[in-house]
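Q: Have a look at this one.
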Amino acid sequence: FKIYFYFSLIGCVTCLDYDEHYILTFPNGYGRQVNALFGIFALNALSILTVPWIELGGECSINCSKTGYNASIVFHTKPFYGGKKHRITAEIFSPNDKKPFCSIEGEWNGVMYAKYTTGENAVFIDTKKMPTIKKKVRKLEDQDDFESRCLWKDVTYNLKIRDIDAATAAKH
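This is the structure in structure tokens:
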């Protein structure tokens, strides 16, 4: 089966130390599950045999109006036959340049490698080695009624205790 999530969201990341604002777009999300072929018969390998996963796919961009630097990013979906999941390629451009000064490829949830026009090759980032940072969230009693955690608290609680009917009812 396939499920598609098409996003048309735009985000802004601000680097306070440099007063830079980066506008970015997001990839689409695809719900995937492996189909196994046996002879001429196709067997839909439901979660009994495989585990579904969410795959990112599509083009994104990051732009800084202050510096003029920008990047074009492609999240590649896994081909039907062969290939790898979670592939990413990107090109980073200096202001007013049409050719990238850096190309990146690898896995968005693993290691990404950079190739610079100077000929230098290096690990761009290894996400597996990055520390996990606990997010900071205000206490529920300090949130307004329509802030996300406050709004969804009953749904979240019921999902944690595996009461799907109560979680569904809490959404209404």
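Per this note's numbering, residue 10 is the first one in the sequence shown, and the count goes up by one each step. Note that CB positions come from ideal geometry on N, CA and C, so glycine has one too.
1. Could you check the C-alpha separation between A175 and P88 for me, to the nearest Å?
2. Just the C-alpha distance for I49 and Y90, rounded to the nearest angstrom, thanks.
3. If you drop the 5 nearest sequence neighbours on each side, which residues of the same chain put their C-beta closer than 7 Å to that of L168?
4. Apart from the five residues just before and just after R41, which ones in its own chain have a Cβ nearer than 6 Å to its Cβ?
5. Give the C-beta separation of E114 and T136 to the nearest angstrom, bearing in mind that I take them to be a contact with Cβ-Cβ under 8 Å.
6. Over what stretch of residues does the beta strand (DSSP E) that includes I134 continue unbroken?
7. I'd like the span of the beta strand (DSSP E) that includes V22, first residue to last.
8. Which of helix, strand or coil does DSSP assign to Y27?
9. How many angstroms separate the CA atom of K180 from the CA atom of E156?
10. Taking all protein chains shown into account, decide if N79 is buried (16 or more other Cβ within 10 angstroms of its Cβ) or exposed.
11. Mark I101 as exposed unless 16 or more other C-beta atoms lie within 10 angstroms of its C-beta, in which case mark it buried.
12. In chain order, what residues of the same chain have a beta carbon less than 8 Å from the beta carbon of S74, not counting five sequence neighbours either side?
13. What does DSSP give as the partner residues of C69 in its beta bridges?
14. What is the rounded straight-line gap between the Cα of L18 and the Cα of T34?
A: With the given structure in hand:
1. Mapped onto the sequence shown, residue 175 falls at position 166. Mapped onto the sequence shown, residue 88 falls at position 79. Spanning the two alpha carbons is a distance of roughly 39 Å.
2. Position 40 of the sequence shown holds residue 49. Position 81 of the sequence shown holds residue 90. With a pLDDT of 41 at I49, under the threshold of 50, the modelled position of that residue is not reliable, and the figure given next carries that caveat. Going from the Cα of I49 to the Cα of Y90 covers about 16 Å.
3. As a working mapping, residue 168 is identified with position 159 in the sequence shown. Listed in chain order, the non-local C-beta contacts of L168 below 7 Å within the same chain comprise A176, local neighbours out to five positions each way being set aside.
4. Locating residue 41 in the sequence shown gives position 32, counting from the first residue. Excluding five sequence positions before and after R41, the CB atoms of its chain that fall closer than 6 Å to its own CB belong to W62 and E64, given in chain order.
5. Within the sequence shown, the letter at position 105 stands for residue 114. Within the sequence shown, the letter at position 127 stands for residue 136. 14 Å between Cβ atoms; not a contact.
6. Looking up residue 134 in the sequence shown gives position 125. From DSSP, the beta strand (DSSP E) with I134 extends over N130 to D135.
7. Here the question's residue 22 lines up with position 13 in the sequence shown. Annotation for V22: the continuous beta strand (DSSP E) segment containing it runs I19 to C24.
8. As a first step, residue 27 must be located in the sequence shown, where it is residue number 18. Coil at Y27, not helix or strand.
9. Residue mapping note: residue 180 aligns to position 171 of the sequence shown, counting from 1. Residue mapping note: residue 156 aligns to position 147 of the sequence shown, counting from 1. In a straight line, the C-alpha of K180 is about 14 Å away from that of E156.
10. Reading the sequence shown from its first residue, position 70 is the one you call residue 79. Result: buried.
11. As a first step, residue 101 is located in the sequence shown; it is residue number 92 there, counting from the start. Classification for I101: buried.
12. Here residue 74 corresponds to residue number 65 of the sequence shown, with the count starting at 1. Here the set comprises H30 and I32.
13. In the sequence shown, residue 69 corresponds to position 60, counting from 1. Assignment of beta-bridge partners to C69 by DSSP yields I82.
14. What you label residue 18 is simply residue 9 of the sequence shown in a count that begins at 1. What you label residue 34 is simply residue 25 of the sequence shown in a count that begins at 1. Distance between the alpha carbons of L18 and T34: 6 Å.
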